[in-house]
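Below is one structure; the comments refer to it alone.
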Amino acid sequence: MTNPTLAAGAVERHLRARRDTGRGLLMPYVTGGITPSWTDYLRAFAAAGADAIEVGLPFSDPTLDGVTIQQAGDTALARGASTRRILAELSGMPDLGVPLVASTYYNLVLHDGAEAFCAALRRAGVGGLIVPDLPVHEADELTDVAAAAGIELVLLASPVTPQPRLAEISCRSRGFVYAVSLMGTTGERAALAASAAELTERIRRVTDRPVLLGFGISTPDQAREARRHADGVVVGAAVMRRVLDGAGPDDLRAFLATLRQALDQECDRPR
Amino acid sequence: MRDVLPWCEPVLLDGTMGEPRARGRFGEYGGRYAPESLVEVCREVDEAFREAWADPGFRGALARLLAVHAGRPTPLTPAGRLSEALGVRLYLKREDLTHTGSHKINNVLGQALLATRMGRRRLIAETGAGQHGVATATAAALLGLEATVFMGERDIERQALNVFRMRMLGAEVVPVTAGSRTLKDATSEAMRHWVGATGDSHYCVGSVVGPDPYPWMVREFQRVIGDEARGQCAAELRTGVPDYVVACVGGGSNAAGTFAGFADTPARLVGVEAEGGAGAARGRLGVMHGCRSLFLQDDDGQITQAHSIAAGLDYPGVGPEHAHLRDLGRARYVTVTDDEAVGAAVRLARTEGIVPALESAHALAWVIRAAGGGDLPAGSTVLMTLSGRGDKDVSTLKELL
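Written out as structure tokens, the structure is:
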């Protein structure tokens with residue numbers, strides 16, 4: 009049996025190391041190309057204490073995204089954003105000391121071929137990849153290509169995923185396991201879904217990989233509650249709504265600091 | 053000539069248009085590229101469909117609904133005057149004469165019956181021209197189910213009468229304002245809604261697209277067109293089988309159902325796409341709406357907007373089985389322009405007394421253009437599926453003519 013920490017890629021090693029100090033993990037999301045100086049948001053996220061940053065590569069038909077992320081994608085595409093341009097802009101950034109995880113739909117991965125896509129991610133300094141319309145049973149062709157390119161392919165688990173399949177997802181996922189908190193699309197919600205606790209508990213039974221809860225986590229209270237079950241949270245729509253409303257990097261830094269604080273408070277309590 | 057694909061001799065392959073291979077594959081196309089939250093419900097639909105399709109009770113109940121409610125079998129009409137003018141023998145499979153006026157009802161009655169068998173109480177559907185939405189609303193009313201239909205705002209403007217029809221039948225029509233506000237966006241929105249409603253709702257996909265098992269299941273529910281036509285041709289034609297089988301292709305459900313009846317014959321299969329929505333003729337390999345197939349895309353991999361005067365052909369992709377039939381050379385995919393389709397609709401009206409849907413007029417436009425040339429030699433027998441009636445398009449035509 010190999011040591012899981014040694015076998016893990018850079019994103020996973022980073023997240024495991026931070027988790028093992030007792031820290032609640034925070035992964036904010038930004039749609040690449042949303043504004044001319046969108047990479048400033050990444051700097052703000054890192055400064056606010058993000059443990060990883062998710063960069064969305066916008067797609068014309070985002071079937072798993074709610075209204076906010078859809079609008080963000082449309083805005084970016086209307087500005088002329090493309091995979092190539094976003095990755096070029098990332099390449100020009102200094103190392104933030106925080107792993108970058110790209111997320112996009114499978115069509116964009118296939119467009120120039122999975123090998124070229126993964127190589128381009130790697131050149132841009134991206135370490136992980138989330139593809140919400142690539143479920144585990146279709147992931148074979150990307151798994152090996154991504155691994156060879158040094159890209160950690162993150163798989164998603166859902167509240168309705170049966171337990172044996174959950175074990176397969178947790179085993180094959182790299183970086184972390186993305187726990188989709190509810191049966192629905194991305195977007196802010198009034199409360200953390202009840203399904204979140206049960207799902208994370210079921211994932212924990214089969215893996216010690218970091219588990220991040222996403223979908224609908226929008227407030228410090230929700231982050232605090234999510235932290236009771238998972239290793240951390242993904243926050244997308246709550247960030248992008250503010251960006252769409254005109255919030256700048258400093259505003260986002262302040263918002264994420266409230267989430268950071270909530271996660272830190274929760275970790276002080278016995279789990 | 054815009055048709056660039058080589059014409060291959062029909063390839064008779066055992067099992068062509070049979071059950072897809074493992075993991076819902078038609079060659080390299082198909083599959084179940086669904087978000088994890090939809091994977092389980094796709095599996096449930098697959099299991100339920102397999103059981104139902106093997107169950108004579110289900111088959112009998114569906115056959116009865118198709119007969120007493122939808123008006124099947126539909127006739128095979130020889131287009132006498134047009135045949136004479138074109139120098140080919142043209143037969144029309146009259147799906148326009150079904151209840152609700154298009155072939156969509158065949159699939160919808162099958163899926164609605166399946167939904168009740170699965171204990172679902174509500175149907176979700178996407179619609180472009182409104183024909184699938186009307187069919188879904190109809191089947192829901194008939195079987196006591198609720199119906200929610202997603203329709204692009206732009207299509208709602210173009211097809212106001214069908215919107216009214218759906219509402220009159222008791223369906224909820226949800227305008228979709230995202231993206232291009234047409235069929236592809238309505239499909240995306242229906243999928244988003246389904247993610248949050250899998251417990252009580254069945255997504256009644258309207259074409260041979262979507263995650264496995266939909267492309268296969270919808271083709272099976274539509275194969276009644278091809279099976280009936282096969283029998284009618286056997287009785288009507290000296291040769292028993294037509295030389296050419298022609299149907300229009302948006303996602304491709306009426307074509308798939310028609311072709312299924314003739315895949316194991318020497319008939320040449322021709323799918324006719326709209327010039328501005330030619331997924332099979334000009335699409336590039338991709339993944340959208342749950343399956344791997346051919347889609348119109350720009351240089352960055354974004355799906356581009358289709359443009360057609362026929363709202364039902366306004367889809368930038370094509371069903372995975374059509375992509376496979378294209379690669380095999382078993383079917384050929386050609387395109388016609390809006391103008392050609394309108395011209396064909398008028399010509400059918402004036403020679404045969406039939407006003408076709410603009411979608412179906414595309415199939416006819418190819419027959420008119422090709423007849424007498426190398427692609428469709430004089431004296432050939434042609435079976436063409438007339439997938440729907442033109443009532444919904446009368447206001448569009450009125451502005452043009």
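If you're matching them up, the sequences are chains D and X in order. The opening position of the first sequence corresponds to residue 9 in our numbering, with each subsequent residue numbered one higher. The opening position of the second sequence corresponds to residue 53 in our numbering, with each subsequent residue numbered one higher. Quick reminder that beta carbons are idealized off the backbone N, C-alpha and C, glycines included.
Check	Outcome
Can you name the residues of chain X whose CB is closer than 7 angstroms to the CB of residue 114/D?	85, 339
Excluding the 5 residues flanking residue 148/X on each side, which residues of the same chain have their C-beta closer than 6 angstroms to its C-beta?	438, 440, 441
Let's test the definition: count the other Cβ atoms within 10 Å of the Cβ of residue 127/X and tell me whether it reaches 16, buried, or not, exposed.	exposed
Considering residue 218/X, what are the terminal residues of the alpha helix (DSSP H) in which it resides?	212 to 220
Residues of chain X with a CB under 8 angstroms from the CB of residue 184/D: which are they?	Within 8 angstroms Cβ-Cβ: nothing; residue 184/D doesn't reach chain X, min ~15 angstroms.
So, is the C-beta of residue 207/X closer than 8 angstroms to a C-beta in chain D?	no
Taking residue 270/D as the reference, which of 226/D, 255/D, 253/D, 128/D has the closest Cα?	226/D
If you draw a straight line from the C-alpha of residue 69/X to the C-alpha of residue 231/X, how long is it?	34 angstroms
How would you call residue 185/X, buried or exposed, if buried means at least 16 neighbouring beta carbons within 10 angstroms?	buried
Figure out for me which residue from 171/X, 169/X, 236/X, 122/X has the closest Cα to the Cα of residue 190/X.	122/X
Does the distance between the C-beta of residue 228/D and the nearest non-hydrogen atom of the ligand HEM fall short of 7 angstroms?	You won't find the ligand HEM in this model; it holds no ligand whatsoever.
Rounded to whole angstroms, what's the CA-CA distance from residue 102/D to residue 129/D? Just pull it up for me.	15 angstroms
Decide if residue 522/X is buried, meaning its Cβ has at least 16 other Cβ atoms within 10 Å, or exposed.	Because chain X in this structure spans residues 53 to 453, residue 522/X falls outside the shown range and cannot be described.
Tell me the DSSP secondary structure of residue 325/X in three-state form.	strand
Considering only residues of the same chain and omitting the five flanking positions on each side of residue 67/D, which have a CB-CB separation below 7 angstroms?	81, 112, 113, 115, 116
Looking at C-alpha atoms only, which residue of 229/D, 274/D, 238/D is the closest neighbour of residue 263/D?	229/D
Quick check on DSSP: helix, strand or coil for residue 349/X?	strand
Could you check the C-alpha separation between residue 334/X and residue 254/X for me, to the nearest Å?	32 angstroms
Quick check on residue 311/X: buried or exposed, where buried means 16 or more other Cβ atoms within 10 Å of its Cβ?	buried
In whole angstroms, what is the alpha-carbon distance linking residue 11/D and residue 22/D?	With a pLDDT of 49 at residue 11/D, under the threshold of 50, the modelled position of that residue is not reliable, and the figure given next carries that caveat. Residue 11/D and residue 22/D: Cα-Cα distance of roughly 15 angstroms.
Nearest by alpha-carbon distance to residue 40/D: which of 248/D, 266/D, 273/D, 24/D is it?	248/D
For residue 182/X and residue 214/X, what's the separation of their Cα atoms in angstroms?	5 angstroms
Taking the continuous alpha helix (DSSP H) assigned at residue 94/X, which residues delimit it?	88 to 105
If the cut is a Cβ gap below 9 angstroms, which residues of chain D does residue 91/X touch?	143, 144, 145, 166, 168, 169, 173
Applying a beta-carbon distance threshold of less than 7 angstroms, which residues of chain D neighbour residue 88/X?	143, 164, 165, 166, 169, 188
Below 7 angstroms CB to CB, which residues in the same chain sit around residue 194/X once its five sequence neighbours on both sides are set aside?	121
Any C-beta of chain X sitting closer than 8 angstroms to the C-beta of residue 192/D?	yes
Can you give the Cα-Cα distance for residue 266/X and residue 304/X, rounded to whole angstroms?	12 angstroms
Counting only Cβ pairs nearer than 7 angstroms, list the residues of chain D close to residue 243/X.	71
Going by CA-CA distance only, name the one from 125/X, 135/X, 170/X that's closest to residue 155/X.	125/X
What residue does the alpha helix (DSSP H) around residue 111/D start on, and which one ends it?	Not the alpha helix (DSSP H): residue 111/D falls in the beta strand (DSSP E), residues 108 to 111.
Against chain X, with Cβ distances strictly below 8 angstroms, would residue 68/D count as a contact?	yes
Less than 8 angstroms between CB atoms is the rule here; does residue 90/D satisfy it with respect to chain X?	yes
Is the segment 216 to 227 of chain X touching the segment 200 to 207 of chain X, taking contact as three or more C-beta pairs under 8 angstroms?	yes
For residue 140/D, would you say it is in contact with chain X, using Cβ-to-Cβ distances shorter than 8 angstroms as the test?	yes
Can you pull out the residues from the segment 74 to 85 of chain D whose beta carbon lies closer than 9 angstroms to at least one beta carbon of chain X?	74, 75, 78, 79, 82, 85
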